[in-house]
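Spelled out as structure tokens, the structure:
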């Protein structure tokens, strides 16, 4: 019996907890991509860099706060600085929409043109971010490091296996839940949110109903910018901030959005967790879990790992490709915003 | 002097003109029907009246005011409602949300109007929480009409409201349209089912190649042997 | 101004820029830039065949370039007999098992009776079983191979042939991969095709990074043989020493210039051939049809053109050219580094070249390759000089100034973005627009 509990704790420690945190980060990122897709109808390759930009501003604000001696107790100071990051990212998104995207909207450009434009913005942002903060690693998480330490868990439960929960993981999941709840409340309960869904569903009919497209587009960028800043900051808090990694995040994020069905917010969230848990489950070494679950002292010889850890990120690319080929409309096809 | 009136309309979709000087008008409380063969420019005329395409020439007047150069959104605020032929509901949204979006420009309480729509189309009231995309063709048309009614328009324009629905549903829909007209709303619609539509029409316009061929009351057009022979299949 | 004169002037200006670098910095720097300009131009021609001729958005350029690099290793590196002895045959058997199971899975998907779902599961089952069997055969071999002198080899090595052959092999590798990818992905909508090709090429690069037995993975393969003489040997020859004395160069500098010039000569020949073939293809009925399909796919397929098949052709051809350029790049570098194939540098930068040069125009692609590569390299010194000038009023040890100077190099990314956005907005047809449009 204890063996089964130990096995479960082992899985929770190495799969469930990190998966929930990483899944939340992907879900928030994918939500941004999906919003842009649903309203502006293009795949925004610059979303990773937008997240990076938001995280960067938050880090700068965090440093400023720390210099002033302001911290957030046990929680990371970055949470206090986050609003600054959100505001700056939203302003940046609105600025790019005004000086770049709006022109193509009026031209009724095709999706590929938008895509190439977003690559241009990707370049601009990645250069800007590296210019301002530099390409180095930045660890900016402070406050209490753990909500639950492995040793404390062992002492508390008397089990062999420990369960560690980092503060950043807890913060990530809680923030994601709050944000997602807010987004769904906004989309389903407010007039403006409903008008966004209407615009995404049927642009012409939305115009006939007197919905102002300029306003819908602006609100979409506000939400996307805020989501990107939050997702970027949470990812940076959890894994350390490095501008380079954010470009690599674009594909797992696209994978999440597409797995769930692009344009569908619920799908984006589900997709984020599907991708995160697939990565972890496929590259987890089940050796010790099996040892616990089998009777006696038998221990499997190899690591009992489906894929080597080196291929962790590749899992999301494989999922992405498979979904695109088998069911490009995703799990929740036929539903938009 | 009609309430809504388009005179000498010329225009098309950027290429050659489709409308060649047609005149269309409707008064409050009336049902006006535009019929004609395929490609006669019926839908184009509707779009021209609503500002969905640029007219090259001609004028559109609403209640004596020239609205030729107003964008469609402003025409909505002036009391015009339009039900397009295709994609005329928000499929992913519930019936109630569709109606709510119809009332988007209203700042006052639109609940009473929604109740009126539900009493006009009781089935919508029963299915108010269901996504419009899951409804039958006839029910979708009801949602589409209901959505347009939510602004409490003085003119309601319908582009082939009975396309693709069964004859029973069509009769039912026409009954509702008469009911709506009786509340004092001007109704202008394009119809493929010319005979049935002219039967309920106070005014009928037979368009051919973007021009008025015959204009008269519905009954008179139905009685005209020429019209019967050429457009109503004898 | 006639378009010909304009083109000549544009290329002359480009040449003048390179010469200016030769004068201001050094001939070596100018030639180093020139060589990469030439390779970029070939890569850009490849992307132009896909995008300019047929409107296919291939975001997997980096993957095809990496396959070309792999070809350079596998063709030129001498075989490692010890590695072959300990696990060569077993590794080959493993690879064949994997290939056979993929083929079987495809056959199952096509031929097994039943619904799409049944066939899909059957194919997936066969593929999974095949992968497990392959791992079972391959893993011990891989372990044995990677244990052979891991610091120096630890892989099977190549064929030991002259590296120039790898250019053809690189094209073939990329073409083969493109055929497979095209078969499954070309039916997708344009932006999904971009995402799918980006994803697949990431998988290719992951594979190259992690399968050490094949090409040492992230340990890189150093010291690939060269198609041109080595500097050290040139320095020993009499004629080089005489020439150096005559033109007042150091022997070391001159030898390096000669090596770079030899590369440039080879690359120019390849570029000329690829350009000539591309032009021929573009002007042929085949090229006209490609453009017709690009401009109106529905009409073309209504006229009975097999759009999917044409797209596959053009995708394979373009990718082959990219693979060729990739092999040439690895030849020039003399080292294969899988980790260097970043999307920013190898996919998106090439795209900037195509768009800026003028999509659909081969001359434009070459010019785009030259201009963008030139500024990609020169933006660094220019940006640095600019920032030093702008901050010259500040104190020498001012933190802001130090920070700006330190990070000046990153302005080139932003510059590329701004250039791309400006061209898209104000001159969407590029420096040399497509003819007859």
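Protein chains in written order, with the working numbering: chain A, 28 to 364; chain B, 23 to 256; chain C, 0 to 436.
By construction, the Cβ of each residue, glycine as well, lies at the ideal position given by its N, Cα and C atoms.
Leaving out five residues on either side along the sequence, give the residues of the same chain with a beta carbon under 8 Å from the beta carbon of residue 390/C. Your numbering for residue 390/C matches position 391 in the third chain. Answer for residue 390/C: 397, 399, 400, 403, 404, listed in chain order.
Let me see if you follow: with CB-CB separation under 8 Å, is residue 354/C close to chain A or not? Counting from one through the third chain, the residue named residue 354/C turns up at place 355. Between residue 354/C and chain A, the shortest Cβ-Cβ separation is below 8 Å.
Per-residue DSSP class, three states only, for residue 313/A: Here residue 313/A refers to the residue found at position 286 when the first chain is read from its first residue. Residue 313/A: coil per DSSP, three-state reduction.
Using a Cβ-Cβ cut-off of 6 Å (strictly less than) and excluding sequence neighbours within five positions of residue 361/A, which residues of its own chain qualify? As a first step, residue 361/A must be located in the first chain, where it is residue number 334. Here residue 361/A scores only 48 on pLDDT, less than 50, and its place in the model is too uncertain to base an answer on.
I'd like the span of the beta strand (DSSP E) that includes residue 154/B, first residue to last. In the second chain, the residue the question calls residue 154/B occupies position 132. From DSSP, residue 154/B is part of no beta strand (DSSP E); its letter is neither H nor E.
Can you confirm whether the region 309 to 329 of chain C touches the region 44 to 63 of chain C when touching is taken to mean that 3 or more C-beta pairs between the two stretches lie within less than 8 Å? Between the region 44 to 63 of chain C and the region 309 to 329 of chain C, the count of C-beta pairs closer than 8 Å reaches three or more; the two stretches touch.
If contact means a Cβ-Cβ distance below 9 Å, which residues of the region 143 to 158 of chain A contact chain C? Those would be 143, 144, 146, 147, 148, 149, 150, 151, 152, 153, 154, 155, 156, 157, 158, in chain order.
By the three-class DSSP mapping on this structure, what secondary structure does residue 270/A have? Here residue 270/A refers to the residue found at position 243 of the first chain. Note: residue 270/A maps to helix in three-state DSSP.
At a CB-CB cut-off below 8 Å, which residues of chain A make contact with residue 109/B? The residue you call residue 109/B lines up with position 87 of the second chain. Those are 229, 231, 232, listed as they occur along chain A.
Beta-carbon separation of residue 257/B and residue 65/B under 8 Å? Shown here, chain B extends from 23 to 256; a query on residue 257/B therefore has no answer.
Please state whether DSSP places residue 91/B in a helix, a strand or coil. Here residue 91/B refers to the residue found at position 69 when the second chain is read from its first residue. Looking at residue 91/B - three-state DSSP - the assignment turns out to be coil, as it is neither helix nor strand.
Buried/exposed call for residue 91/B, threshold 16 Cβ in 10 Å: Counting from 1 along the second chain, the entry for residue 91/B is found at position 69. Classification for residue 91/B: exposed.
Can you tell me where the beta strand (DSSP E) with residue 393/C in it begins and where it stops? The count along the third chain starts at 1 and reaches residue 393/C at position 394. In this chain, residue 393/C is not harboured by any beta strand (DSSP E), its DSSP state being neither H nor E.
Do the region 101 to 118 of chain A and the region 193 to 200 of chain A meet, that is, are 3 or more Cβ pairs less than 8 Å apart? Counting Cβ pairs under 8 Å, three or more are found: they touch.
Look up residue 66/A in the DSSP assignment and give the residues it is bridged to. Your numbering for residue 66/A matches position 39 in the first chain. Note: residue 66/A is not bridge-paired with any residue in the DSSP secondary-structure output.
Thinking C-alpha only, which one of 96/A, 56/A, 98/A, 61/A is nearest residue 79/A? As a working mapping, residue 79/A is identified with position 52 in the first chain. 56/A is the residue among 96/A, 56/A, 98/A, 61/A whose C-alpha sits nearest the C-alpha of residue 79/A.
According to the neighbour-count rule (16 or more other Cβ atoms, all chains shown, within 10 Å of its Cβ), is residue 134/A buried or exposed? Locating residue 134/A in the first chain gives position 107, where the first residue counts as 1. By the 10 Å Cβ count, residue 134/A comes out exposed.
Using the rule of at least 16 other Cβ atoms within 10 Å of the residue's Cβ for burial, across every protein chain shown, is residue 322/A buried or exposed? Mapped onto the first chain, residue 322/A falls at position 295. Residue 322/A is exposed by the Cβ-count criterion.
Determine, using beta carbons only, whether residue 114/B and residue 315/A come nearer to each other than 8 Å. Counted from its first residue, the second chain places residue 114/B at position 92. Counted from its first residue, the first chain places residue 315/A at position 288. No. Outside cutoff.
Find out if the Cβ-Cβ distance for the pair residue 32/B, residue 80/B is shorter than 8 Å. As a first step, residue 32/B is located in the second chain; it is residue number 10 there, counting from the start. As a first step, residue 80/B is located in the second chain; it is residue number 58 there, counting from the start. A contact, by the Cβ cut-off of 8 Å.
Skipping 5 residues on each side, what residues in its chain have a beta carbon closer than 6 Å to that of residue 332/A? Taking the first residue of the first chain as position 1, residue 332/A is located at position 305. Excluding positions up to five away in sequence, the list reads 312.
Taking a contact to mean a Cβ-Cβ separation below 8 Å, would you say residue 42/C touches residue 370/C in this structure? Stepping through the third chain from its first residue, residue 42/C is reached at position 43. Stepping through the third chain from its first residue, residue 370/C is reached at position 371. Against a cut-off of 8 Å, the Cβ pair of residue 370/C and residue 42/C comes out as no contact.
Contacts of residue 102/A in chain B (Cβ-Cβ under 9 Å): The residue given as residue 102/A occupies position 75 in the first chain. Going along chain B, no residue has its Cβ under 9 Å from residue 102/A, so there is no contact; the nearest lies around 38 Å.
Just the chain A side, please: which residues come within less than 7 Å of residue 124/B by C-beta, in chain order? Counting from one through the second chain, the residue named residue 124/B turns up at place 102. Ordered by position in chain A, the residues that pass the 7 Å Cβ test against residue 124/B are 236.
If residue 31/C and residue 259/C are in contact, beta carbons under 8 Å, what's the gap, nearest whole angstrom? Counted from its first residue, the third chain places residue 31/C at position 32. Counted from its first residue, the third chain places residue 259/C at position 260. Indeed, because the Cβ distance is near 6 Å, the residues count as touching under 8 Å.
CA-CA distance, residue 234/C and residue 250/C? Taking the first residue of the third chain as position 1, residue 234/C is located at position 235. Taking the first residue of the third chain as position 1, residue 250/C is located at position 251. Using only the alpha carbons, I get a separation of about 6 Å.
Going by DSSP, what residue range makes up the alpha helix (DSSP H) through residue 182/C? Numbered from its first residue, the third chain carries residue 182/C at position 183. Counting along the chain, the alpha helix (DSSP H) containing residue 182/C begins and ends at 164 to 184.
Could you tell me which of 339/A, 340/A, 318/A sits nearest to residue 330/A, measuring between CA atoms? By 1-based counting over the first chain, the position of residue 330/A is 303. With distances taken between Cα atoms, residue 330/A lies closest to 318/A.
Can you round the beta-carbon distance between residue 197/C and residue 153/A to whole angstroms, since I take them to be within the 8 Å contact cut? What you label residue 197/C is simply residue 198 of the third chain in a count that begins at 1. What you label residue 153/A is simply residue 126 of the first chain in a count that begins at 1. About 16 Å separates the CB atoms of residue 197/C and residue 153/A; that is not less than 8 Å, and the two are not in contact.
If we call anything under 8 Å between Cβ atoms a contact, is residue 137/C one with residue 79/C? By one-based count along the third chain, residue 137/C stands at place 138. By one-based count along the third chain, residue 79/C stands at place 80. Contact: no.
So which residues on chain C does residue 344/A lean against when the C-beta distance must stay under 8 Å? Reading the first chain from its first residue, position 317 is the one you call residue 344/A. Neighbours of residue 344/A on chain C, chain order: 198, 199, 201, 202, 205.
Under 8 Å, with one C-beta from each stretch per pair, do the region 172 to 179 of chain C and the region 59 to 67 of chain C reach the 3-pair mark? Counting Cβ pairs under 8 Å, three or more are found: they touch.
Where does the unbroken beta strand (DSSP E) through residue 79/B begin, and where does it stop? By 1-based counting over the second chain, the position of residue 79/B is 57. Per DSSP, residue 79/B belongs to the beta strand (DSSP E) from 77 to 84.
Less than 8 Å between the beta carbons of residue 273/C and residue 44/C, yes or no? Start at 1 with the first residue of the third chain, and residue 273/C comes out as number 274. Start at 1 with the first residue of the third chain, and residue 44/C comes out as number 45. In this structure, residue 44/C lies closer than 8 Å to residue 273/C by Cβ.
Span of the beta strand (DSSP E) holding residue 27/B? On the second chain, position 5 is the one that residue 27/B refers to. Run containing residue 27/B: 26 to 33, per the beta strand (DSSP E) assignment.
Could you tell me whether the Cβ atoms of residue 52/A and residue 261/A are closer together than 8 Å? Position 25 of the first chain, counted from the start, is the residue given in the question as residue 52/A. Position 234 of the first chain, counted from the start, is the residue given in the question as residue 261/A. Residue 52/A places its beta carbon less than 8 Å from that of residue 261/A.
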